[in-house]
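Report on the following structure.
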Amino acid sequence: MKNLSTITLAGAAVLVLTLTACGSDDSSHSAGHGSMTSSAASPATAAGRQGDIRFAQQMIPHHRQAVQMADMALNRQGVSADVTRLAAAIKKAQDPEINTMTGWLKSWGATVPTGGDHSGHDMSSMSGTGDMTGMMSQQEMDMLGKATGPAFDRMWLTMMVKHHQGAVTMSSDVKKTTDNPEVSSLADSIIKAQNAEIRTMQDLLKTPAD
Numbered sequence: 001m002k003n004l005s006t007i008t009l010a011g012a013a014v015l016v017l018t019l020t021a022c023g024s025d026d027s028s029h030s031a032g033h034g035s036m037t038s039s040a041a042s043p044a045t046a047a048g049r050q051g052d053i054r055f056a057q058q059m060i061p062h063h064r065q066a067v068q069m070a071d072m073a074l075n076r077q078g079v080s081a082d083v084t085r086l087a088a089a090i091k092k093a094q095d096p097e098i099n100t101m102t103g104w105l106k107s108w109g110a111t112v113p114t115g116g117d118h119s120g121h122d123m124s125s126m127s128g129t130g131d132m133t134g135m136m137s138q139q140e141m142d143m144l145g146k147a148t149g150p151a152f153d154r155m156w157l158t159m160m161v162k163h164h165q166g167a168v169t170m171s172s173d174v175k176k177t178t179d180n181p182e183v184s185s186l187a188d189s190i191i192k193a194q195n196a197e198i199r200t201m202q203d204l205l206k207t208p209a210d
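All letters in the sequence shown, in the order written, are residues 1 to 210 by UniProt numbering.
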């Protein structure tokens, strides 16, 4: 009887230890699973974040080229008053937007495009969309740099219309994916301002050259 009692007590102890271990494993597994679920981003959120990064990384060099074109008009003799006003407005609007997007990328831990990434070739390689963004090639920028008088005005207006249309397209695209209110607000501002400038420039292009 003594041996039987000893065996019975030993078996009960083993059973208690086994159940305790299983319970511990289950709770650990459940806690781990819950933690993974709460910390993991949904596919839609992750895609939106990547879209925001791509938008800023592409729009910064896009804006830089627009500012470069604006400076060409502002620092040149013989440019019409209409083109000068547009160039000043573009520079005033887009310089702060570059700073805003640069701040976003830094806060997101993403790469900020370098100052030289403003050619059509660079943008095409970054976006994978060829000429969709409206960026000017280096050859086009060189041609603009050599133009003078009314020829410069018309070339500048024609190029800037195309450039603005690319920015509007990029802004419209990011609004389809972003859940960041700051990104959406900037995209709205770009669409509104640049569409208005496109209409102004198209009207100027309808005016016969002097």
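We put the beta carbon where it would ideally sit given N, CA and C, even for glycine.
Residue state for Val-79 is assigned as coil, using DSSP reduced to three classes. Between Val-174 and Gly-51, the C-beta spacing is below 8 angstroms. Excluding sequence positions up to five before and after Gln-202, its CB lies within less than 7 angstroms of the CB of Val-161, all in the same chain and listed in chain order. Three or more beta-carbon pairs separated by less than 8 angstroms link the stretch 150-169 to the stretch 59-75, which places the two stretches in contact. Separation of Ile-191 and Ser-184 (C-alpha to C-alpha, rounded to the nearest whole angstrom) is 11 angstroms. For the pair Val-67 and Gln-194, the Cα-to-Cα distance works out to about 14 angstroms.
For Thr-114, the closest C-alpha among the options Met-59, Lys-176, Lys-206, Glu-197 is that of Met-59.
If you check the CB distance, Gln-57 and Thr-100 do not come in under 8 angstroms. Straight-line spacing of the CA atoms in Asp-71 and Thr-178 works out to 32 angstroms. Considering only Gln-138, Thr-207, Ala-93, Gly-134, the residue with the shortest C-alpha distance to Leu-186 is Ala-93.
In this structure Gly-48 is buried. Its beta-carbon is surrounded by 16 or more other beta-carbon atoms within 10 angstroms. Note that the C-beta distance between Thr-200 and Leu-86 is below 8 angstroms. If you ignore the 5 residues before and after Met-155, its C-beta comes within less than 8 angstroms of the C-beta of Met-143, Leu-144, Ala-147, all in its own chain and listed in chain order.
Taken atom to atom, the span from the alpha-carbon of Lys-176 to that of Ile-53 is near 14 angstroms.
Shown here, Thr-148 sits in coil according to DSSP, grouped into three states, outside any helix or strand.
Minimum Cα-Cα distance from Val-79 among the listed residues Leu-157, Gly-103, Glu-140 corresponds to Leu-157.
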